[in-house]
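Below: one structure, written as structure tokens.
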């Protein structure tokens, strides 16, 4: 898999550094996630998107969804590949999606 191009976590541009600091502070992150660093290739887009997303991150629904996602990721990381495949297949079936061949 090819590496994604992304901006350094400590960019030269002050406004981008400030934006990264705000993202880390708001989301209680130790480092800036790769999705934000990749979106920073288009700094105006990232600034606009973060401006729209930031208010949502304070909502109870967001916090609950993030907690559920985090716990699901931890659970899946602890399971075997076969179990993960079974869970994925079951989740697709529950949503009416067809299975892809892996």
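Numbering (my numbering), first residue to last: -18 to 83. Even for Gly, the Cβ is constructed at its ideal location relative to N, Cα and C.
If we call anything under 8 angstroms between Cβ atoms a contact, is residue i one with residue j?
i: residue 12; j: residue -10; result: yes
i: residue 8; j: residue 38; result: yes
i: residue -12; j: residue 0; result: no
Within 10 Å of its beta-carbon, does residue i have 16 or more other beta-carbons around it, so buried, or fewer, so exposed?
i: residue 17; result: buried
i: residue 21; result: buried
i: residue 57; result: exposed
Excluding sequence positions up to five away, which residues of its chain have a Cβ less than 7 angstroms from the Cβ of residue i?
i: residue 35; result: 7
i: residue 15; result: -15 and -13
Is residue i helix, strand or coil when you go by DSSP?
i: residue -8; result: coil
i: residue 7; result: helix
i: residue 20; result: helix
i: residue 40; result: coil
i: residue 56; result: helix
i: residue 15; result: helix
Tell me whether residue i, by its Cβ, gets closer than 7 angstroms to a heavy atom of the ligand ADP.
i: residue 58; result: Because no ligand of any kind appears in the structure shown, any question about the ligand ADP cannot be addressed here.
Please work out which residues of its chain come closer than 8 angstroms, Cβ to Cβ, to residue i, disregarding the five sequence neighbours upstream and downstream, and give them in chain order.
i: residue 32; result: none
Looking at C-beta atoms only, is the number of pairs between the region 46 to 58 and the region 23 to 37 that lie closer than 8 angstroms three or more? Contact fails: fewer than three Cβ-Cβ distances are below 8 angstroms.
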